[in-house]
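Everything on this sheet refers to the single structure shown next.
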Amino acid sequence: MSAPRPNLYRRVTASVPLLVTVAVHVVLIAIAGYFVVSEQIIGKKKSFDAATASEPSVAQKQVEHRLQVARKAGGSSSSSPVSAARIFSTADNALQMPAMPDLPSVGASSLSGMGFGAGLGAMGTGTGYNTGLGSRSLGGSGFMSMSFLGVTNQRASKVVFVVDISPGLMDIRKGGFRAFEILRTEISRLISTLPPANSFNVVLFDGQSIRLFAKELTPATVASKTEFFEWIKPINASLSSLGGSSIPGHAPRWTFSRPEKLKLDPEYGPASWIQSIQAALEQQPDTVFVITGGGAAGQIRYSDENIARRREQRAKQLEEIKASGLDVAGISAARGKAFAKLRAEFDAINKKLVAQKKDPFVIQDIRRVLAADFQAALKKAGFSLSLDTTGWTDKKGEPIWTDFSTNVATSHNAEFTDVIGHVSRLQYALKNRASLNIFLFTGPAEKTEASEKNLSTLSSKNGGKFNLITTKRLEELTRKES
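Heads up: the sequence shown at position 323 corresponds to 323 in UniProt numbering, and the numbers run straight through without jumps.
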């Protein structure tokens with residue numbers, strides 16, 4: 001008799017291990033299927049995996065290139081003008097950039113500054129750093145903090161230098177021939193630190209002409225800086241070529257004018273350094289640095305009636321001189337010959353100094369050598385100069401300095417309030433409020449109290465600072481920065 005067949009309950013309970021095993025496999029297969037579908041159908045989720053040390057990612061290469069641009073253009077790795085605050089995706093559709101070339105170096109940077117920031121978006125939070133130059137506030141990208149000859153300007157991006165290159169700036173009372181060499185070096189040093197995002201220009205004046213490095217503000221690229229360094233190199237670098245004659249011939253010229261839109265005083269003739277400020281402001285900078293050896297206010301033109309009256313008076317004076325028996329033509333010729341001789345002797349002394357590898361003397365007017373301080377300097381150097389007065393003295397043996405020309409003054413000295421008003425009108429008409437930082441280059445024995453007060457007022461009224469500088473101070477700044 002055969003065994004009875006197990007009932008349904010026993011058959012089901014006997015199969016439980018098998019059923020559990022099958023269920024587990026189904027769940028695992030479902031989970032795996034979900035991830036496969038998510039990756040293949042829904043799309044890959046973007047990731048931010050860092051690249052291995054042996055193979056930098058494209059994003060890292062981009063950041064490194066931007067920092068390299070800043071370093072090579074004058075900024076340090078901690079003071080890059082290029083924002084590195086980026087999040088770069090490694091997804092397939094991320095923006096890709098080709099490899100970037102290395103840049104040539106143009107000089108070390110003395111600029112510094114780093115700002116940090118954080119952001120909260122709709123999909124989570126993110127943090128990053130921005131190596132923006134200069135000080136920053138409220139988390140925004142800041143302007144460059146620029147320091148020049150001890151004056152720091154916190155908001156500078158468009159900079160123009162206005163520089164006095166007249167021979168008088170190298171007079172012995174101010175510092176001698178080497179004085180301008182320090183200024184030239186300092187200007188070049190600062191321009192070498194400008195990032196490419198900034199722009200610059202230089203205006204040079206000598207009382208005779210005004211010349212520019214470029215017609216307009218120039219981006220501070222490697223090419224522009226290289227061109228500028230070559231351009232400024234010969235300025236007042238040789239005794240045979242000083243002032244405007246030392247400027248490269250291709251440098252643009254600027255001529256003073258009174259455009260109707262500026263509404264300038266038609267009777268006011270600003271001094272050369274003030275005209276040069278106008279040339280700078282017309283370029284719409286945000287920062288202007290002015291270096292001048294004086295603070296003359298300029299001239300106010302006499303009326304036509306006044307000029308005519310002066311000419312009549314001058315003609316009468318000359319008639320009286322001739323009637324007195326003076327040999328006007330002979331005296332003028334003898335005096336001119338005496339000064340020509342003095343100039344030749346002075347030039348011979350400078351040639352000897354140069355041959356001895358010593359600094360030569362620089363003068364603006366040959367009469368300067370007759371001053372007591374200059375005579376003392378000549379004596380100290382082992383030389384002497386005297387003026388030959390043969391043929392142009394009076395009965396007492398005194399030189400006759402009378403001016404025999406028919407020229408008369410057509411203007412008189414302006415007040416410094418005219419200067420302040422002129423610059424204010426320029427700023428208003430040009431819709432430009434550039435900060436005006438002025439440096440008066442003087443010597444230890446010069447009396448400059450009035451000029452210091454005037455220039456300080458002009459600077460403060462135009463958002464800038466005034467500084468008195470000497471050759472000694474320049475040397476101190478140079479040593480500090482080196």
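Here a beta-carbon is modelled for each residue, glycine too, at the ideal position from N, C-alpha and C.
| Check | Outcome |
| --- | --- |
| In this structure, what does DSSP give as the bridge partners for Q299? | G269, N413 |
| With distances taken from CA atoms, which of F416, L262, A251, Q313 is nearest V408? | Q313 |
| Would you decide whether R433 is buried or exposed? Buried here means 16 or more other CB atoms lie within 10 Å of its CB. | exposed |
| Look up T226 in the DSSP assignment and say whether it is helix, strand or coil. | helix |
| With three or more beta-carbon pairs closer than 8 Å as the criterion, would you say the segment 351–366 touches the segment 169–179? | yes |
| Give a single yes or no on whether A344 has its beta carbon closer than 6 Å to a heavy atom of the ligand SAM. | Absence of the ligand SAM is noted for the structure shown, with no ligands found whatsoever. |
| Taking the Cβ atom as the reference point for each residue, do S166 and G243 lie within a distance shorter than 7 Å? | yes |
| Ordered along the chain, which non-local residues of its own chain (more than five positions away) have a Cβ less than 7 Å from that of I400? | I331, W392, T393, D394 |
| Thinking C-beta only, is V162 closer than 7 Å to S276? | yes |
| Could you tell me which of V203, G397, D418 sits nearest to L217, measuring between CA atoms? | V203 |
| Spatial neighbours of N198 within its chain, please: CB distance less than 8 Å, with the 5 preceding and 5 following residues excluded, ordered by chain position. | P81, M144, A156, S157, K158, V159, P219, A220 |
| Does DSSP classify F346 as helix, strand or coil? | helix |
| Just tell me which of F177, L149, L183 has its CA closest to the CA of S240. | F177 |
| Give me whichever residues DSSP pairs with I438 in a beta bridge. | V290, F466 |
| Between Q411 and Q278, which are expected to be in contact by the criterion C-beta below 8 Å, what is the C-beta distance as a whole number of angstroms? | The sequence given here places Ser at residue 411; Gln does not occur at that position. About 18 Å; that fails the 8 Å criterion. |
| Classify S224 as buried or exposed, calling it buried when 16 or more other Cβ atoms lie within 10 Å of its own Cβ. | buried |
| Does DSSP classify S157 as helix, strand or coil? | coil |
| What separation, rounded to the nearest whole angstrom, lies between the Cα atoms of I366 and H250? | 30 Å |
| Give the straight-line distance between the Cα atoms of I307 and F383, rounded to the nearest whole angstrom. | 45 Å |
| Helix, strand or coil, according to DSSP, for F180 in the structure here? | helix |
| If we count the other Cβ atoms within 10 Å of its Cβ and call it buried at 16 or more, is A51 buried or exposed? | Any reading at A51 needs caution, since the residue's pLDDT is 41, under 50, leaving its predicted position unreliable; the model's value is listed next. Result: exposed. |
| Taking Cβ positions, are G175 and T442 nearer each other than 7 Å? | no |
| Which partner residues does P219 have in the DSSP bridge list? | S199 |
| So, with DSSP's three-state summary, where would you put E475? | helix |
| What's the gap between the Cα of I247 and the Cα of T478? | 25 Å |
| Who pairs with R311 in a beta bridge, going by DSSP? | Answer is none; R311 lacks a bridge partner. |
| So the beta strand (DSSP E) L242 belongs to, where does it begin and stop? | Element bounds for L242: n/a, residue is neither H nor E. |
| Locate the beta strand (DSSP E) running through L212, then write down its first and last residues. | 210–212 |
| For the alpha helix (DSSP H) that D373 lies in, which residues bound it at each end? | 372–380 |
| Take F256 and list the residues in its own chain whose beta-carbon comes closer than 6 Å to its own, dropping the five residues that flank it on each side. | Q275 |
| Given I349, which residues of its chain have a CB within under 6 Å of its CB, disregarding the five upstream and five downstream residues? | F383 |
| Where R335 and I321 are concerned, what is the direct C-alpha to C-alpha distance, given to the nearest angstrom? | 17 Å |
| May I have the straight-line CA-CA distance separating P196 from I232, to the nearest angstrom? | 20 Å |
| Using only the alpha-carbon positions, how far apart do L448 and L436 sit? | Sequence check: residue 448 is Thr here, not Leu. Going from the Cα of T448 to the Cα of L436 covers about 20 Å. |
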